[in-house]
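Asker:
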Amino acid sequence: MPKIDMAGPKLVEAFRAYLLTLQQERRLSPNTVQSYQRDLTKLQRFIEQQDMDVCTALSPAIARQFPARLHAAGLGGKSIQRALSAARGFYQYLIETGQAQHNPFIEIRAPKAQKKLPDTLSVDEIEQLLTAMPEDILGKRDKAIIELIYSAGMRLSELIAVDVQDVVRAVDMISVTGKGNKQRLVPVGRKARSAIEDWLSIRASLAHEDEVGLFVSNRGVRISARTIQARLDYWSRYSGLDRKLHPHMLRHSFASHILESSGDLRAVQELLGHANISTTQIYTHLDFQHLAQVYDKAHPRAKKP
Numbered sequence: 002m003p004k005i006d007m008a009g010p011k012l013v014e015a016f017r018a019y020l021l022t023l024q025q026e027r028r029l030s031p032n033t034v035q036s037y038q039r040d041l042t043k044l045q046r047f048i049e050q051q052d053m054d055v056c057t058a059l060s061p062a063i064a065r066q067f068p069a070r071l072h073a074a075g076l077g078g079k080s081i082q083r084a085l086s087a088a089r090g091f092y093q094y095l096i097e098t099g100q101a102q103h104n105p106f107i108e109i110r111a112p113k114a115q116k117k118l119p120d121t122l123s124v125d126e127i128e129q130l131l132t133a134m135p136e137d138i139l140g141k142r143d144k145a146i147i148e149l150i151y152s153a154g155m156r157l158s159e160l161i162a163v164d165v166q167d168v169v170r171a172v173d174m175i176s177v178t179g180k181g182n183k184q185r186l187v188p189v190g191r192k193a194r195s196a197i198e199d200w201l202s203i204r205a206s207l208a209h210e211d212e213v214g215l216f217v218s219n220r221g222v223r224i225s226a227r228t229i230q231a232r233l234d235y236w237s238r239y240s241g242l243d244r245k246l247h248p249h250m251l252r253h254s255f256a257s258h259i260l261e262s263s264g265d266l267r268a269v270q271e272l273l274g275h276a277n278i279s280t281t282q283i284y285t286h287l288d289f290q291h292l293a294q295v296y297d298k299a300h301p302r303a304k305k306p
């Protein structure tokens, strides 16, 4: 197979074609495609520094310099892992389209990333936050948003995508579209249901007639991620919580509180929509106190007389 010159403009074209494939054929979300684009930009800079044909001459020995340079630039293990994953995917695409014969990144691994423990709210802090909110139209909307994220463990992107028709009131469930367009039904708790009903009773006074999104901004259209983030930060300060509140903190709180009460990691995995249970295992660190209590009650040599 003849060498294909992928330097300069042709390299940029190859990246663009790959990103288009991710978007159109694999149907990845815009946010995920943007993440790939950022990582591929790092790869592009690295490749352009090599005086060689990228498709056939980039050996594994040279490719190993890529994560080393990212590490030297101050990137953490998780960021390097993501960049290597993007590089492997790009070269696999080149192989499938006949533009390369080997994948120089296939055996290269990043240093293990130190897992950052999720930041959560306590049950008392959740209560403090929600009881402080007023009963005006935006207060009711925001309360429904907070209750739903905490009740269903939803991602911010999932919450924004919810339509009015996704609320299955008869069985107290909500249809959620997660990563990779995967659908899942998650239960909605009593207080969240009540907050959603309160919001739906006044939603028409704010929403445009043809708007189908469950939550809308004061302009009557589907609410944006930035608006929700700003509102949560506002309510955190309003309620006197001495911390910055973001939507994922509510999702973390949901997961840790469910796990603490049930001990069922598989159930938490399903509720969160995690493809791999290893992603869910980060929450087990929060349950040491519960495990200690179970041990004290169950172990014959630990029981108090």
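The numbering used here applies: residue 2 is where the sequence shown begins, and numbers increase by one. Just so you know, even glycine gets a beta-carbon here, dropped at the ideal spot from N, CA and C. Bear in mind that the values here come from a model prediction, so they are computed numbers and not experimental data.
#1: Assuming arginine 28 and asparagine 182 form a contact by the criterion Cβ under 8 Å, report the distance between their Cβ atoms to the nearest whole angstrom.
#2: Pull up the distance between the alpha-carbon of aspartate 120 and that of leucine 251, whole angstroms please.
#3: Against chain B, with Cβ distances strictly below 8 Å, would isoleucine 48 count as a contact?
#4: Within a Cβ cutoff of 7 Å, which residues of the same chain sit near lysine 245, ignoring the five residues on either side of it in sequence?
#5: If you run the structure through DSSP and keep just helix, strand and coil, what is glycine 154?
#6: Going by other Cβ atoms of all chains shown within 10 Å of its Cβ, with 16 needed for buried, is leucine 260 buried or exposed?
#7: Excluding sequence positions up to five away, which residues of its chain have a Cβ less than 7 Å from the Cβ of tyrosine 151?
#8: To the nearest angstrom, how far is it from the Cα of serine 60 to the Cα of glycine 99?
#9: Does valine 269 pass the burial test, meaning 16 or more other C-beta atoms within 10 Å, or should it be called exposed?
#10: Helix or strand or just coil, what does DSSP make of arginine 194?
#11: Got a sec? Which residues, its chain only, sit under 7 Å from proline 3 by beta carbon, not counting five neighbours each side?
#12: Here's the rule I'm using: 16 or more other beta-carbon atoms within 10 Å means buried, otherwise exposed. How should valine 177 be labelled?
#13: What residues in its chain sit with their C-beta under 6 Å from that of alanine 88, if we drop five residues either side in the sequence?
#14: If distances are taken between C-alpha atoms only, which option among Arg142, Ile81, Ser36 and Ala226 comes closest to arginine 156?
#15: Using alpha carbons as the reference points, say which of Val34, Ile161, Arg39 and Phe16 lies closest to arginine 142.
#16: Is there at least one non-hydrogen atom of the ligand SAH closer than 7 Å to the beta-carbon of glutamate 97?
#17: Under the rule that 16 or more other beta-carbon atoms within 10 Å means buried, what is serine 202, buried or exposed?
#18: Leucine 207 and isoleucine 146: beta carbons closer than 8 Å?
#19: Report, in whole angstroms, the separation of the C-beta atoms of glutamine 102 and isoleucine 96, which I expect to be a contact under 8 Å.
#20: Quick one: Cα of glycine 1 to Cα of isoleucine 81, how far?
#21: Where does the unbroken alpha helix (DSSP H) through proline 112 begin, and where does it stop?
#22: Look at the alpha carbon of valine 222 and the alpha carbon of glycine 179, and state the distance between them as a whole number of angstroms.
Answerer: So, from the data block:
#1: Looking up residue 28 in the sequence shown gives position 27. Looking up residue 182 in the sequence shown gives position 181. The pair is a contact, with the Cβ atoms about 6 Å apart (cut-off 8 Å).
#2: By one-based count along the sequence shown, residue 120 stands at place 119. By one-based count along the sequence shown, residue 251 stands at place 250. C-alpha separation (whole angstroms): 9 Å.
#3: Within the model displayed, chain B is absent; a lone protein chain is all it includes.
#4: On the sequence shown, position 244 is the one that residue 245 refers to. Excluding residues within five positions, the ones whose Cβ falls inside 7 Å are Asp234 and Ser237.
#5: Stepping through the sequence shown from its first residue, residue 154 is reached at position 153. Looking at glycine 154 - three-state DSSP - the assignment turns out to be coil, as it is neither helix nor strand.
#6: Looking up residue 260 in the sequence shown gives position 259. Buried is the call here.
#7: Mapped onto the sequence shown, residue 151 falls at position 150. Within the same chain, tyrosine 151 has close Cβ partners Ile127, Leu251, Ser254 and Phe255.
#8: Residue mapping note: residue 60 aligns to position 59 of the sequence shown, counting from 1. Residue mapping note: residue 99 aligns to position 98 of the sequence shown, counting from 1. Between serine 60 and glycine 99, the C-alpha separation is close to 18 Å.
#9: Numbered from its first residue, the sequence shown carries residue 269 at position 268. The residue in question, valine 269, is buried, as its Cβ has 16 or more Cβ neighbours within 10 Å.
#10: Start at 1 with the first residue of the sequence shown, and residue 194 comes out as number 193. Here arginine 194 sits in helix by DSSP.
#11: Here residue 3 is taken as the residue at index 2 of the sequence shown, counted from 1. Unreliable positioning characterises proline 3 in this predicted model, as indicated by a pLDDT of 30, which lies under 50. The coordinate reading is nonetheless provided below. Same-chain partners within the cutoff: there are none.
#12: The residue labelled residue 177 in the question sits at position 176 within the sequence shown. The residue is buried, with at least 16 neighbouring Cβ atoms inside 10 Å.
#13: Against the sequence shown, residue 88 aligns to sequence position 87. Excluding sequence neighbours, alanine 88 sits near Leu44 and Phe106.
#14: On the sequence shown, position 155 is the one that residue 156 refers to. Closest option to arginine 156, Cα to Cα, is Ala226.
#15: Start at 1 with the first residue of the sequence shown, and residue 142 comes out as number 141. Here the closest residue by C-alpha is Ile161.
#16: This structure does not include the ligand SAH; it has no bound ligands of any sort.
#17: As a first step, residue 202 must be located in the sequence shown, where it is residue number 201. With fewer than 16 Cβ atoms within 10 Å of its Cβ, serine 202 is classed as exposed.
#18: Within the sequence shown, the letter at position 206 stands for residue 207. Within the sequence shown, the letter at position 145 stands for residue 146. No, the pair does not count as a contact, with Cβ atoms beyond the cut-off.
#19: For this step, residue 102 is matched to residue 101 along the sequence shown. For this step, residue 96 is matched to residue 95 along the sequence shown. Their Cβ separation, rounded to whole angstroms, is 7 Å, which keeps glutamine 102 and isoleucine 96 in contact under 8 Å.
#20: Absent from the model: residue 1. The displayed extent of the chain is 2 to 306, so no value can be given.
#21: Within the sequence shown, residue 112 is the residue found at index 111, counting from 1. From DSSP, proline 112 is part of no alpha helix (DSSP H); its letter is neither H nor E.
#22: Here residue 222 corresponds to residue number 221 of the sequence shown, with the count starting at 1. Here residue 179 corresponds to residue number 178 of the sequence shown, with the count starting at 1. For valine 222 and glycine 179, the distance between alpha carbons rounds to 21 Å.
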